[in-house]
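What follows is a set of notes on a single structure, which appears directly below.
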Amino acid sequence: MNAKTRRLTVEIFRFNPQDPDATPGTECYEIDESPYMTLYIVLTRIREEMDASLQFDFSCRSAICGSCGMLVNGRPMLACRTLTASLPQHIRLYPLPVFELVGDLSVDTGRWFRNMVQQVEGWIHERAPFDPDAQEERMSDDESLAIYESDRCIECGCCVASCGVANLKPGFAGPAGLNRMARFMMDPRDARDDEAWFDVVSNEDGVFGCIGMMACHDVCPKELPLLEVYAYLRRKTLAAGFR
Amino acid sequence: MKSRSLHTTDVLVIGGGLAGERCAMEAAAEGLEVTILSLVPPRRSHSCAAQGGMQAALGNCVKGEGDNPDWHFLDTVRGSDWGADQEVARMFVDEAPRAVRELAHFGVPWTRVRPGNNDYFVKGEPVVIREAEENAGLLMHRDFGGTAKWRTCYASAGTGHAILYAIDSEVIRLGIDVWDRCEALALIHENGRCWGAIARSLRTGELTAVLANATVIATGGYGRIYGKYTTNATINYGSGAAIAFETGVVPLGNMEAVQFHPTGLWPSGILVTEGCRGDGGHLLNRELERFMVQREPEKQELASRDVVSRHMMDQIQNGNGAESGYGPHLWLDLRHLGAEHLHQKLREVVDICRDFAGIDPAQSMIPVRPTQHYSMGGIRVNKDGQAYGMAGLFAAGEAACWDMHGFNRLGGNSLAETIVAGRLVGRSVAAFARREKLDTGTALARRFLDACEADIAAWLARTGDGPRIYAIQSRMAEIMINKVGIFRNGPDLEQAVSELQDCLHDCGHAVLHSKGPGMNPELSDALRLQGMIRLAITIASGALARTESRGAHFRRDFPLRDDRHWLKRTLARWPADTTSPRLSYEPVGLIDLPPGHRGYGKAEWIELGKSLEEYNQSVGTLQDAEGRLASEEPQGSRMSWGAWKSVATTTGTSK
Amino acid sequence: MVKQSEPPQARQQLVYELVSGLSGIALAIFMWGHMILVGSILTGERGFNWLAGTLEDLYIAQPTVIGVIALFLAHAVFASRKIPAQLRERRQLRDLAKGLGQSGKGWPNVAGAPAFSPHVESMLWIWQVRTGMVIVVLGSFHLVLMGLDVFTPLFGERIGIEAATTLERVRGGLWPLYAILLLCVEFHASVGLYRFAIKWGAGARLKRSVLHRIEQLLFWAILVFGVITLAVLAGWLEPPLAFLLGDNT
Ligand SMILES: Cc1cc2nc3c(=O)[nH]c(=O)nc-3n(C[C@H](O)[C@H](O)[C@H](O)COP(=O)(O)OP(=O)(O)OC[C@H]3O[C@@H](n4cnc5c(N)ncnc54)[C@H](O)[C@@H]3O)c2cc1C
Ligand code: HEM
Ligand code: HEM
Ligand code: SF4
Ligand code: F3S
Ligand code: FES
Chain R
11 MNAKTRRLTV EIFRFNPQDP DATPGTECYE IDESPYMTLY IVLTRIREEM
61 DASLQFDFSC RSAICGSCGM LVNGRPMLAC RTLTASLPQH IRLYPLPVFE
111 LVGDLSVDTG RWFRNMVQQV EGWIHERAPF DPDAQEERMS DDESLAIYES
161 DRCIECGCCV ASCGVANLKP GFAGPAGLNR MARFMMDPRD ARDDEAWFDV
211 VSNEDGVFGC IGMMACHDVC PKELPLLEVY AYLRRKTLAA GFR
Chain G
606 MKSRSLHTTD VLVIGGGLAG ERCAMEAAAE GLEVTILSLV PPRRSHSCAA
656 QGGMQAALGN CVKGEGDNPD WHFLDTVRGS DWGADQEVAR MFVDEAPRAV
706 RELAHFGVPW TRVRPGNNDY FVKGEPVVIR EAEENAGLLM HRDFGGTAKW
756 RTCYASAGTG HAILYAIDSE VIRLGIDVWD RCEALALIHE NGRCWGAIAR
806 SLRTGELTAV LANATVIATG GYGRIYGKYT TNATINYGSG AAIAFETGVV
856 PLGNMEAVQF HPTGLWPSGI LVTEGCRGDG GHLLNRELER FMVQREPEKQ
906 ELASRDVVSR HMMDQIQNGN GAESGYGPHL WLDLRHLGAE HLHQKLREVV
956 DICRDFAGID PAQSMIPVRP TQHYSMGGIR VNKDGQAYGM AGLFAAGEAA
1006 CWDMHGFNRL GGNSLAETIV AGRLVGRSVA AFARREKLDT GTALARRFLD
1056 ACEADIAAWL ARTGDGPRIY AIQSRMAEIM INKVGIFRNG PDLEQAVSEL
1106 QDCLHDCGHA VLHSKGPGMN PELSDALRLQ GMIRLAITIA SGALARTESR
1156 GAHFRRDFPL RDDRHWLKRT LARWPADTTS PRLSYEPVGL IDLPPGHRGY
1206 GKAEWIELGK SLEEYNQSVG TLQDAEGRLA SEEPQGSRMS WGAWKSVATT
1256 TGTSK
Chain C
-4 MVKQSEPPQA RQQLVYELVS GLSGIALAIF MWGHMILVGS ILTGERGFNW
46 LAGTLEDLYI AQPTVIGVIA LFLAHAVFAS RKIPAQLRER RQLRDLAKGL
96 GQSGKGWPNV AGAPAFSPHV ESMLWIWQVR TGMVIVVLGS FHLVLMGLDV
146 FTPLFGERIG IEAATTLERV RGGLWPLYAI LLLCVEFHAS VGLYRFAIKW
196 GAGARLKRSV LHRIEQLLFW AILVFGVITL AVLAGWLEPP LAFLLGDNT
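Chains as they are written, first to last, in my numbering: chain R, 11 to 253; chain G, 606 to 1260; chain C, -4 to 244.
Next up, the structure:
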């Protein structure tokens, strides 16, 4: 840790859509590296000490809320959990593609994901109304774990940004959307049967939009097994389609 | 460019965390129009950070057998060091099982009981526990500090995340209008009636007056007052409490009750779970010496959270901290546990260390420091969640002082609070909004809009070489952690109050370096600053005034709990144009479980000195005098007098 | 439920997907067989003619040609529905994939898993499209020739595939085209199979890195075999396996 400190050059995309005079471009900042330095520390220090107008999003700063996805040297990742020690001296930061730009590094992942949830109706379609005085319905722990595995998505948008199809086709549910479909398909509490899902999943905006570029799987900071999720969806459509 | 507008709704909920959203659902289910404001998309609220779990007395597993709300009540009140409102604690424990089951209905993938043998690691030792076949598939519980039974329901290592996603999905299903990236800057109010809030878009900077019949504040904790010394998210500014404070009539309760967690990863402040010490981790100082062995020969590293935090802070203040360039810290040493154990049982810790410190805990020690974690205090409300002194204003969740946590919150009780309070307060919000009429002119809204605009204009207009807001912020944080932290004493607190008042003064001269159009992040931070400093002053003043030690509030100069003088709740109001809050006190509420030994920590205290009957008699009138609005049901109607006796005798104290 | 498509359409989409995938697989399998058939030239002209003649006499060749042409067309039509229509879009894809790859060693190596270069599959897909386009052109040309060979006496005295025609054609200047076609087809087929396997869930049984290895192995093995074959066809190499038939030309 005590090796001589580097002076980092951080090249950041700058554009404020609210400013009629602004044109997109990049700006470079120099900053001395320090131990345990993450991009969260870098960016807050730039805002606090060099350029107070810099826009970016952090919330949890502990890699669980999904606010801080950005392109770090071309690759979508969570800025808060990226140590500068793992990066070269010159760091390029760009906002995630696909999502609407709010300003500089800040993009509107929130709306995209809310639309996605509406599109796939990402909530439990209850079989019967909740009975407050009954014991909970039973469920095997394995089943629960499988759902949890897919429920772990933090909606950071890294997968979406890395997916070629999601970049080109706005209607595509995207990796995270496909994952959400699978999450509810495997939930025994959800009333939707395979037939109902078939209409949503089996088309170009659903799982057949995916052409297997696999970048989503590789960039997902939560290491969700996305490829297995798509395979699950495909096999489900096959079963539903030829019943 | 249109920079201001008007919006009308039945219910305005400020805060899209668990408490806010659950509350909104209740109102929306009643057919009311609901608008939620949130700084971030709701799913990014800090509720998603909770990993541990949520308490509800279901008693499904062997170690939870025989659990019931009475046990939960006992643990909660003892945990609070008798600072809690016992009627609220009772409502809470009775409702928690329903709340957790409802979440199962909404799709939370709770961990379930696995029949047969299960392996656990308890205090460094592997144990095998056999679960009964008949409980297979029910919600499982885990062990948490300060509870007599295993009671904490959990969804693997992501309980808060799973719950928040389930609840937000319901919010979307119900079609509730959510304005994310939108901040409430001020409440619209007149003559003790709240009519909504002024909202500022964090996309465009545009202001909107949102007129609402009922307004709910559920903005979570204020950890950022402690700057980087907090486990909280960067958005936990406490601005909900601050805008309620700003009205001058709404009091904040028990602001001096601040919980610290011993092991926040340094310098990021990210929580490193207690499980590390449970499994046998050691705390070391700069000399790599296990100071806890000497300080607490009995329990060593496994003493309770507050005790460990105090000894750690002691080390740091005595110059025994290690240096890293970010300030002193201590070490958490897990190396002797071995890589295999770490990777199997403490996987999240390994990940956090890798991602945020770039170290492998099997090879290196982990830099840690006690870190602000939770705020028990907040907007003081009655048992319906209705704020004192302001009709039409409600509060729920961490932002509120409903007050079931008193001076110390138990792990797992705050997630449960958000949902339980969301359900109960949501119901009374809905009832209120249906009963009352939205009846105010746009003139009032315009007045508050003008005030906000003037405030913004003043910030932008100021030039010269005044201090930077970020400098003030970090000064505040340093004062708070060093003087209003874990250890408190009179002289330090006095100093803290006066230094914080300097900060408040500086705030009036600070100059912005960024004046561009749009949301302007620096301006957004500036608009929060004054409110944060006021909260900080209030915490320090409350702590200075409270000359006893209770729960998380520890005064070196007054180390005992003093029930004779201090079995009461601090209320703070901020009258206009002053630099310090006005403090007053009310009884903690009706008392069922008499103050006594908590079962852990110090076994000495100063006795109440009068009978509970005497105490209870005056509660209602004294609280009414402090601005408590009448609740739907009379005070005390939810108490189950003496129910705790059935369990308290079985084992005496918690384990 | 927000219906994105009516039920029959969902089934139709499924069928499209299956047609494009299965036709691709069928073509890939055919290509391996095809390489062995063409590879019979390694044993010399006699072996080649004998094989071609037998297949034609047994009426295996003729229906196969028609079938393959049909598969080829079906695959071309259905698989290309995934190809972005606009040049701008394709460029965008390329930039994205390249950007993804530039992280170099900076990418934290998740959970100790072998660092699997992230951009590879994105680039592979782009190259699959590019090779597909080349195949459309060169493959159609080749198929037309073969159709003429098998069904008309246009080249040579008799109807059918004959070593003499083949050699003449390849030596007469078509070898560069075949070389390109060979490279493209092998790449396209092995990558296609790999992707198909992942898409439908082989990744759950075999690790992706293993599948990727298999894909590379297939690619190189068949390519090398094809190159040797081509070398013989082009006359740069004596048929190395001629001794099998006792020929010594
Ligand atoms: C690291 C960590 C771990 C924890 N683990 C546990 C645990 O295991 N078990 C447990 O029971 N508790 C735990 N807690 C505590 C618990 O998570 C919180 O107390 C609880 O989630 C708070 O919920 P909330 O809804 O009140 O607030 P939050 O979830 O913080 O939500 C606040 C909301 O208000 C919005 N907001 C804030 N200010 C404004 C404004 N001015 N205008 C508009 N919107 C605003 C924000 O955008 C956000 O949506 C943990 C806390 C931390 C920090
Ligand atoms: C006619 C020219 C061709 C074109 C334009 C073409 C194009 C494509 C495209 C764009 C894909 C990707 C489809 C997707 O991702 O869903 C694809 C897949 C595939 N192609 Fe081709 N191709 C051609 C010829 C061939 C040939 C000759 C073969 C066999 C040797 C072949 C084998 C495959 C295979 C196995 C797949 C994978 C199918 C899947 O993933 O579903 N293709 N092709
Ligand atoms: C329709 C059935 C087919 C027949 C009967 C056939 C036959 C042949 C023959 C006889 C040759 C030797 C060269 C020549 O005579 O010109 C050849 C070479 C070749 N063919 Fe085909 N072919 C068929 C389909 C295809 C298809 C669909 C493709 C791929 C798109 C293909 C790709 C190739 C390649 C790459 C070579 C050169 C091989 C090498 O030299 O290693 N063929 N084929
Ligand atoms: S699937 Fe992974 S990359 Fe995609 S949004 Fe979810 S967590 Fe992020
Ligand atoms: S990157 Fe896109 S194409 Fe499929 S495998 Fe992932 S969704
Ligand atoms: S800030 Fe929450 S994931 Fe990075």
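Even glycine gets a Cβ: it sits at the ideal position worked out from N, Cα and C.
Per DSSP, which residues does residue i bridge with? Please list them.
i	result
E1191 of chain G	G:R1174
C799 of chain G	G:H794
I641 of chain G	G:V618, G:V783
I734 of chain G	G:N723
T752 of chain G	Looking at the DSSP assignment, T752 of chain G forms no beta bridge with any residue, so it has no partner.
W936 of chain G	G:L889, G:P972
R102 of chain R	R:E21
R609 of chain G	G:L812
Looking at the secondary structure, which residues open and close the alpha helix (DSSP H) in which residue i lies?
i	result
Q129 of chain R	119 to 130
Q864 of chain G	Q864 of chain G -> not in any alpha helix (DSSP H); beta strand (DSSP E) instead, spanning 863 to 870.
V1030 of chain G	1018 to 1040
C1057 of chain G	1047 to 1066
N189 of chain R	184 to 195
I1331 of chain G	With chain G covering only 606 through 1260, there is no way to say anything about residue 1331 of chain G.
A176 of chain R	174 to 178
R703 of chain G	691 to 710
M1085 of chain G	1074 to 1088
Considering only residues of the same chain and omitting the five flanking positions on each side of residue i, which have a CB-CB separation below 6 angstroms?
i	result
L642 of chain G	I619, W784, C787, A789, A804
G101 of chain C	Low local confidence applies: a pLDDT of 35 at G101 of chain C is under 50, so the model's placement there is unreliable, with the coordinate-based value given in what follows. So the list is empty, once near-sequence residues are dropped.
L53 of chain R	F66
V108 of chain R	V170, A171, A176, N177
D1167 of chain G	E1153, I1211
I209 of chain C	none
A106 of chain C	Low confidence applies to A106 of chain C: its pLDDT is 35, below 50, so where it sits in the model is not reliable, and the reading given next is rough at best. Closer than 6 angstroms at the Cβ level, and outside the excluded window around A106 of chain C, lies no residue.
If I'm right that residue i touches residue j with Cβ under 8 angstroms, what's the distance once you round it to whole angstroms?
i	j	result
N1013 of chain G	A1157 of chain G	5 angstroms
P975 of chain G	P856 of chain G	In fact, because the Cβ distance is near 29 angstroms, the residues do not count as touching under 8 angstroms.
M860 of chain G	T1226 of chain G	Going by Cβ atoms, the distance from M860 of chain G to T1226 of chain G rounds to 24 angstroms, so no, they are not a contact pair.
D114 of chain R	N26 of chain R	7 angstroms
I830 of chain G	G843 of chain G	6 angstroms
Among residues of its own chain, excluding the 5 on either side of residue i, which ones have a beta-carbon nearer than 7 angstroms to its beta-carbon?
i	result
D699 of chain G	P674
Q1261 of chain G	The shown model of chain G, from 606 to 1260, leaves out residue 1261 of chain G, and the question about it has no answer.
P109 of chain C	Summary for P109 of chain C: the model assigns pLDDT 33, below 50, so the residue's position carries little reliability; its value from the coordinates is reported in the next sentence. Closer than 7 angstroms at the Cβ level, and outside the excluded window around P109 of chain C, lie S204.
V60 of chain C	M141, G142, V145
R900 of chain G	H916
Under 8 angstroms Cβ to Cβ from residue i, same chain only, skipping five residues before and after it: list those, please.
i	result
G198 of chain C	A192, L206
L88 of chain R	A73, G76, C78, G79, C166, C168, P231
V645 of chain G	G621, D785, R786, I840
Since residue i is in the beta strand (DSSP E), which residue starts that stretch and which ends it?
i	result
C38 of chain R	35 to 42
P86 of chain R	85 to 88
Does the segment 701 to 718 of chain G come close enough to the segment 736 to 746 of chain G that 3 or more CB-CB pairs lie under 8 angstroms?
-> yes
Would you call the segment 813 to 820 of chain G and the segment 793 to 800 of chain G touching, i.e. three or more CB-CB distances under 8 angstroms?
-> yes
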